[in-house]
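Participant: Submitted below is the structure of interest, expressed as structure tokens.
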Amino acid sequence: MSEFTSRLDDLFEEFELFDDWEERYKYIIDLGKDMAPLELNEKTEANKVRGCASQVWLVIDEAPAGILKFRGDSDAFIVKGLIALLSRLLNGLAHEEIQDFSIRDTLNKLGLNEALSSQRTNGLMSMVERLKHATA
Numbered sequence: 001m002s003e004f005t006s007r008l009d010d011l012f013e014e015f016e017l018f019d020d021w022e023e024r025y026k027y028i029i030d031l032g033k034d035m036a037p038l039e040l041n042e043k044t045e046a047n048k049v050r051g052c053a054s055q056v057w058l059v060i061d062e063a064p065a066g067i068l069k070f071r072g073d074s075d076a077f078i079v080k081g082l083i084a085l086l087s088r089l090l091n092g093l094a095h096e097e098i099q100d101f102s103i104r105d106t107l108n109k110l111g112l113n114e115a116l117s118s119q120r121t122n123g124l125m126s127m128v129e130r131l132k133h134a135t136a
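Numbering-wise, full-length UniProt numbering puts 97 at position 97 of the sequence shown, and it's gapless, one number per residue.
Structure follows, in structure tokens:
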């Protein structure tokens with residue numbers, strides 16, 4: 001079992017504890033609240049993610065060759081939670097695993113595919129594309 005699969009299975013088990021998508025949504029917001037914010041000097045145009053309705057910044061940090069290490073922030077609670085979710089799933093993984101990652105499959109598995117608006121899903125896809133580009 002890959003590290004990613006193990007992480008996704010752990011998240012799936014956590015999400016199974018909730019009865020509906022609204023509880024999952026609140027949980028994602030809580031994940032974001034637990035995340036450390038970026039420093040003001042890191043919220044630059046270069047770190048800004050295009051294609052998101054909210055303000056989103058992703059900072060790619062130095063990591064051993066072939067490993068992704070990133071942090072992020074947003075001005076929207078749910079988006080910050082989605083960044084936290086991506087961080088739990090992808091941070092520290094090999095570039096090959098990032099390239100194989102499907103956000104749609106992940107949302108389906110976690111039962112969030114219909115809970116997120118198309119705007120939020122598109123923003124999340126933009127974040128994933130930014131991470132994939134950084135690992136290409």
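Yeah, the Cβ is synthetic: ideal placement off N, Cα and C, and Gly gets one too.
In angstroms, rounded to a whole number, what distance separates the CA positions of F70 and F77?
Facilitator: Between F70 and F77, the C-alpha separation is close to 18 Å.
Participant: Can the beta-carbon of V56 be found closer than 8 Å to that of G32?
Facilitator: It is not a contact, given that the beta carbons lie outside the stated cut-off.
Participant: Roughly how many angstroms lie between the CA atoms of E39 and N47, to the nearest whole one?
Facilitator: Taking the straight line from one Cα to the other gives about 12 Å.
Participant: By a C-beta neighbour count over all protein chains shown, 10 Å radius and 16 as the cutoff for buried, is R50 buried or exposed?
Facilitator: R50 should be labelled exposed.
Participant: Quick one: complete alpha helix (DSSP H) runs, 4+ long, within the UniProt domain "Fe-S metabolism associated" (13-133)?
Facilitator: 21-33, 77-90, 95-100, 103-110, all fully within the UniProt domain "Fe-S metabolism associated" (13-133).
Participant: Straight-line CA distance for E114 to A36?
Facilitator: If you take the alpha carbons of E114 and A36, they lie about 28 Å apart.
Participant: Please list, in chain order, all residues of the same chain as D75 whose beta carbon is under 7 Å from its beta carbon, the five residues on each side excluded.
Facilitator: So the qualifying residues of the chain are S54, Q55.
Participant: Tell me whether the beta-carbon of L82 lies closer than 8 Å to the beta-carbon of L131.
Facilitator: In this structure, L131 does not lie closer than 8 Å to L82 by Cβ.
Participant: Given that a residue counts as buried once 16 or more other Cβ atoms are within 10 Å of its Cβ, and exposed if not, what is L17?
Facilitator: L17 comes out exposed.
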